[in-house]
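Residue numbering for the sequence shown follows my numbering, starting at 10 and increasing by one per position. The structure under discussion appears below in the form of structure tokens.
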Amino acid sequence: MLQALVDKDVIIRLKWGQEYHGKLISVDSYMNIQMRGADEWIDGKSTGNLGEVLIRCNNVLWISALDAAGKEVEMAG
Numbered sequence: 010m011l012q013a014l015v016d017k018d019v020i021i022r023l024k025w026g027q028e029y030h031g032k033l034i035s036v037d038s039y040m041n042i043q044m045r046g047a048d049e050w051i052d053g054k055s056t057g058n059l060g061e062v063l064i065r066c067n068n069v070l071w072i073s074a075l076d077a078a079g080k081e082v083e084m085a086g
């Protein structure tokens with residue numbers, strides 16, 4: 010299911026509360042994540058563009074897809 014989000018816009022929320030909005034470039038079998046065009050959000054406010062980021066698997070709380078309008082897509086499971 011996570012591989013289906015590669016090359017799509019996503020939000021990744023970390024355990025510590027930060028969110029990263031950007032394009033999911035790759036994910037490995039451990040769920041380490043590479044994003045491009047990542048914007049960091051803290052407490053609902055953008056803190057700026059970080060560009061390309063790598064996120065270690067054990068920091069991820071959840072991942073959500075974004076639609077073309079930038080809204081979260083409800084995922085069926």
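Note that CB positions come from ideal geometry on N, CA and C, so glycine has one too.
Residues of its chain near L42, where Cβ-Cβ distance is below 6 Å and the 5 sequence neighbours each way are ignored: The residue you call residue 42 lines up with position 33 of the sequence shown. Reading the sequence as shown, one finds Ile at residue 42 and not Leu. Cβ within range, chain order: V36, I64.
Own chain, CB closer than 8 Å to G53, minus 5 neighbours either side, in chain order: On the sequence shown, position 44 is the one that residue 53 refers to. Here the set comprises nothing.
Test item: CB-CB of L11 and L70 under 7 Å: Working through the sequence shown from its first residue, we reach residue 11 at position 2. Working through the sequence shown from its first residue, we reach residue 70 at position 61. Contact: no.
Per-residue DSSP class, three states only, for Q27: Here the question's residue 27 lines up with position 18 in the sequence shown. Residue state, collapsed to three classes: coil.
Residues that V36 bridges to, as DSSP identifies them: Here the question's residue 36 lines up with position 27 in the sequence shown. Per DSSP, I42.
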